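S.K.: When the letters of the sequence shown are read in order and numbered with my numbering, they come out as residues 78 to 431. We put the beta carbon where it would ideally sit given N, CA and C, even for glycine. Owing to the predicted nature of the structure, the values given are computational and were not obtained by experimental measurement.
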Amino acid sequence: MQGLKDKKTIVLILYSVIVFIIFTVGLKYIINISNTSKELIANDSNSYYGMNIDNTYNTMEDKTLDKRLSFDYNIVLNSNFNIIIMLFFAFTVTSNFILLSILNRLEFKERMEILNNINNIEDEDEVLSIDPIMSKVYKDLKDKFDSHIEDYKRLNSYLSHEQKNAIAILRTSLELSGNEELLNTLNKVANNVEDVLAISDTKNNEDMYEVDIALICAQVCDHYSKVYANLSFDFDEDENMSIYGKEKWIYRGVSNLLDNAIKYGEGKDICVNVKNQKGSVIVSVRDNGIGMNKQSMKKIFYDRYRINELNKDGYGIGLSLVKHVCNLCNGFIWVESEEGKGSTFYLVFKEYKE
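(1) I need the straight-line Cα distance from Phe-222 to Arg-248, nearest angstrom please.
(2) Taking the C-alpha atoms as reference points, what is the distance between Leu-260 and Leu-398?
(3) Per DSSP, which one or two residues make a beta bridge with Arg-363?
(4) For Ser-357, which of Phe-426, Tyr-286, Ala-167 has the nearest alpha-carbon?
(5) Using the DSSP secondary-structure output, state which residues sit across from Trp-411 in a beta bridge.
(6) Where do the N-terminal and C-terminal ends of the beta strand (DSSP E) with Val-288 fall, by residue?
(7) In this structure, how does DSSP classify Asp-336 when only helix, strand and coil are distinguished?
(8) If you run the structure through DSSP and keep just helix, strand and coil, what is Val-358?
(9) Whether or not the stretch 342–352 and the stretch 308–321 are in contact is what I'm after, with contact meaning three or more pairs of Cβ atoms, one per stretch, closer than 8 Å; do they touch?
(10) Within 10 Å of its beta-carbon, does Ile-320 have 16 or more other beta-carbons around it, so buried, or fewer, so exposed?
(11) Return the residue from the list Asn-264, Val-412, Leu-263, Gly-255 that minimises the CA-CA distance to Met-369.
(12) Going along the chain, which residues of its own chain have a beta-carbon closer than 7 Å to the beta-carbon of Gly-342, five neighbours each way excluded?
(13) Would you mind working out which of Leu-91, Val-297, Val-360, Gly-330 sits nearest Asn-173, comparing C-alpha positions?
(14) Excluding the 5 residues preceding and the 5 following Glu-287 in the sequence, name in chain order all residues of the same chain whose CB lies nearer than 6 Å to its CB.
(15) From this set, Ile-98, Thr-101, Val-96, Leu-396, which residue's C-alpha is nearest Lys-375's C-alpha?
(16) In its own chain, which residues sit with a C-beta less than 7 Å from the C-beta of Met-285, not counting the 5 before and 5 after it?
(17) Determine which residues share a DSSP beta bridge with Tyr-429 and list them.
(18) Given a threshold of 16 other Cβ atoms within 10 Å of its Cβ, counted over all protein chains shown, does Asp-220 qualify as buried or as exposed?
(19) Which residue comes first and which comes last in the beta strand (DSSP E) that contains Ser-309?
(20) Kindly give me the distance between the Cβ atoms of Asn-307 and Lys-345, rounded to whole angstroms, as I take these residues to be in contact under 8 Å.
(21) Which stretch, first to last residue, makes up the alpha helix (DSSP H) that contains Ser-397?
(22) Among the candidates Glu-316, Cys-298, Val-96, Ala-245, whose CA atom is the shortest distance from the CA of Val-266?
(23) In angstroms with no decimal places, state the Cα-to-Cα distance between Asp-217 and Arg-188.
(24) By DSSP, does Ile-175 sit in helix, in strand, or in coil?
(25) For Ser-332, does the count of other Cβ atoms within 10 angstroms reach 16, so buried, or fall short, so exposed?
(26) Measuring straight from C-alpha to C-alpha, what distance separates Asn-463 and Ile-327?
(27) Can you name the start and end residues of the beta strand (DSSP E) that Ser-319 belongs to?
(28) Between which two residues does the alpha helix (DSSP H) harbouring Met-374 extend?
(29) Would you identify the three-state DSSP class for Asn-256, choosing helix, strand or coil?
(30) Applying the criterion that 16 or more other CB atoms from any shown protein chain within 10 Å of the CB defines a buried residue, is Asn-129 buried or exposed?
(31) Could you tell me the distance, in whole angstroms, from the CA atom of Gln-296 to the CA atom of Glu-190?
(32) Give the straight-line distance between the Cα atoms of Asn-353 and Asn-404, rounded to the nearest whole angstrom.
(33) Tell me which residues share the same chain as Ile-377 and place their Cβ nearer than 6 Å to its Cβ, disregarding the 5 neighbours each side in the sequence.
(34) How about Arg-182 and Glu-271: are their beta carbons less than 8 Å apart?
(35) What distance in whole Å lies between the Cβ atoms of Val-362 and Ala-338, which are believed to be in contact at a cut-off of 8 Å?
(36) Identify the residues that DSSP records as bridge partners of Asn-353: which are they?
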């Protein structure tokens with residue numbers, strides 16, 4: 078902010094100098110008009126008498142004429158002076174608006190520079206070089222943010238270990254008891270926990286590694302084919318299907334796409350395809366279900382949005398999670414759909430090469 082203060086000071090100094098110059102020029106103009114008017118009065122008086130004017134008045138007529146000429150002179154002078162004052166006032170008002178606009182732009186530009194500097198800070202010592210006030214604000218916000226991060230880490234650790242271990246124990250007990258209904262419910266709870274962990278995950282290149290998407294999609298399709306017979310999977314064995322990311326991200330992303338395809342596919346064929354096209358690994362999930370209109374296509378990646386609210390379980394974070402997974406892996410997602418004919422979702426990632 079010190080740089081902003083310096084810039085404002087410079088602008089105010091320049092503004093003061095300009096106003097002073099204009100005022101001086103205007104005043105000099107008035108003086109010149111005054112001198113010119115006096116000369117004209119003197120000339121008019123000389124012309125009237127046909128001789129030079131002395132400082133001594135000879136007759137009452139001379140005095141009356143001189144007063145009349147002085148009165149006319151004052152009228153001319155006041156008229157010109159009023160014009161100058163009005164012009165100066167108009168200039169002052171206009172220049173103040175211009176000055177205010179310039180200062181606002183300077184302030185906005187300075188704040189944007191500070192914001193960019195804060196966003197690009199790699200070392201906390203760099204904050205001190207930006208601005209003392211912004212440094213304090215940055216540190217206060219960072220302390221609050223760090224406290225929330227610690228809470229998040231504790232929650233993540235609790236879900237990752239305690240809850241997943243408890244679910245694993247329950248799953249073993251239910252498998253032994255043969256209670257398929259409760260086992261399915263437990264599996265849904267486990268999947269929801271995995272979704273929460275995935276959607277709350279953040280990008281960290283140190284934790285990412287080479288992932289074979291085709292292999293992960295095959296595992297997901299193998300799992301879902303046990304509950305949905307009309308599911309097919311296809312990929313090109315000769316192509317490189319590796320990307321840079323995490324296996325659990327891709328697994329949960331493709332799983333959520335298949336969940337949606339099954340929910341809205343009306344029991345029709347679903348096809349999962351993986352291909353490498355010009356250095357991009359593309360995963361497509363196509364169904365032949367109800368499809369969607371263009372308005373729905375603009376909203377489906379929002380949290381908790383569903384095309385049809387009836388008899389659809391889950392928390393509505395499926396497609397927003399898939400989009401988040403794509404962002405984590407430096408990819409993107411888009412959809413093609415037509416009402417009554419089905420939908421096709423595409424996940425596109427950059428091919429990983431060593």
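M.R.: Judging by the given coordinates:
(1) The sequence position of residue 222 within the sequence shown is 145, counting from 1. The sequence position of residue 248 within the sequence shown is 171, counting from 1. Their backbone Cα atoms lie some 37 Å apart in a straight line.
(2) The sequence position of residue 260 within the sequence shown is 183, counting from 1. The sequence position of residue 398 within the sequence shown is 321, counting from 1. Leu-260 and Leu-398: Cα-Cα distance of roughly 24 Å.
(3) Stepping through the sequence shown from its first residue, residue 363 is reached at position 286. Answer is Cys-348, Thr-421.
(4) Here the question's residue 357 lines up with position 280 in the sequence shown. Of the candidates Phe-426, Tyr-286, Ala-167, the one whose C-alpha sits nearest the C-alpha of Ser-357 is Phe-426.
(5) In the sequence shown, the residue the question calls residue 411 occupies position 334. In the DSSP output, where bridge partners are listed per residue, Trp-411 has Tyr-423.
(6) Within the sequence shown, numbered from 1, the residue matching residue 288 stands at position 211. First-last of the beta strand (DSSP E) with Val-288: 286–289.
(7) On the sequence shown, position 259 is the one that residue 336 refers to. In this structure, Asp-336 counts as helix in the three-state DSSP scheme.
(8) In the sequence shown, counting from the first residue as 1, residue 358 sits at position 281. In this structure, Val-358 counts as strand in the three-state DSSP scheme.
(9) yes
(10) To locate residue 320, count along the sequence shown from 1; it is residue 243. Ile-320 should be labelled buried.
(11) For this step, residue 369 is matched to residue 292 along the sequence shown. Ranking Asn-264, Val-412, Leu-263, Gly-255 by Cα distance to Met-369 puts Val-412 first.
(12) Start at 1 with the first residue of the sequence shown, and residue 342 comes out as number 265. Once the five neighbours on either side are set aside, the close Cβ partners of Gly-342 are Asp-364, Asn-365, Gly-366.
(13) In the sequence shown, the residue the question calls residue 173 occupies position 96. Considering only alpha carbons, the answer is Leu-91.
(14) Position 210 of the sequence shown, counted from the first residue, corresponds to residue 287. Correct list, in chain order: Ser-319, Tyr-429.
(15) What you label residue 375 is simply residue 298 of the sequence shown in a count that begins at 1. The residue with the shortest Cα to Cα distance from Lys-375 is Leu-396.
(16) Numbered from its first residue, the sequence shown carries residue 285 at position 208. Only Tyr-321, Gly-322, Lys-323 meet the Cβ criterion.
(17) Locating residue 429 in the sequence shown gives position 352, counting from the first residue. Beta-bridge pairing links Tyr-429 to no other residue.
(18) Reading the sequence shown from its first residue, position 143 is the one you call residue 220. Classification of Asp-220: exposed, given that the 10 Å Cβ count is below 16.
(19) Within the sequence shown, the letter at position 232 stands for residue 309. Per DSSP, Ser-309 belongs to the beta strand (DSSP E) from 308–312.
(20) As a position in the sequence shown, residue 307 is number 230, starting the count at 1. As a position in the sequence shown, residue 345 is number 268, starting the count at 1. About 6 Å; that satisfies the 8 Å criterion.
(21) One-based indexing of the sequence shown puts residue 397 at position 320. From DSSP, the alpha helix (DSSP H) with Ser-397 extends over 395–405.
(22) Your numbering for residue 266 matches position 189 in the sequence shown. Selected option, being the one with the closest Cα: Ala-245.
(23) Here residue 217 refers to the residue found at position 140 when the sequence shown is read from its first residue. Here residue 188 refers to the residue found at position 111 when the sequence shown is read from its first residue. Asp-217 and Arg-188: Cα-Cα distance of roughly 18 Å.
(24) Translated into positions along the sequence shown, residue 175 becomes position 98. The answer is helix: DSSP assigns Ile-175 an H, G or I state.
(25) The residue you call residue 332 lines up with position 255 of the sequence shown. Buried: at least 16 other Cβ atoms inside 10 Å.
(26) This structure gives no information on residue 463, because the portion of the chain shown stretches from 78 to 431.
(27) For this step, residue 319 is matched to residue 242 along the sequence shown. Per DSSP, Ser-319 belongs to the beta strand (DSSP E) from 319–322.
(28) Mapped onto the sequence shown, residue 374 falls at position 297. From DSSP, the alpha helix (DSSP H) with Met-374 extends over 371–374.
(29) Taking the sequence shown and counting its residues from 1, the one referred to as residue 256 is at position 179. Coil at Asn-256, not helix or strand.
(30) Here residue 129 refers to the residue found at position 52 of the sequence shown. Note on Asn-129: pLDDT 47, under 50, position unreliable in the model; the coordinate value appears next. Answer is exposed; the Cβ neighbour count stays below 16.
(31) Taking the first residue of the sequence shown as 1, we reach residue 296 at position 219. Taking the first residue of the sequence shown as 1, we reach residue 190 at position 113. Taking the straight line from one Cα to the other gives about 48 Å.
(32) Indexing the sequence shown from 1 puts residue 353 at position 276. Indexing the sequence shown from 1 puts residue 404 at position 327. Spanning the two alpha carbons is a distance of roughly 19 Å.
(33) Position 300 of the sequence shown, counted from the first residue, corresponds to residue 377. Around Ile-377: Leu-396.
(34) The residue labelled residue 182 in the question sits at position 105 within the sequence shown. The residue labelled residue 271 in the question sits at position 194 within the sequence shown. No.
(35) The residue you call residue 338 lines up with position 261 of the sequence shown. The residue you call residue 362 lines up with position 285 of the sequence shown. Right, their Cβ atoms sit about 6 Å apart.
(36) Sequence index remark: in the sequence shown, residue 353 carries index 276 (1-based). Asn-353 is bridged to Val-358.
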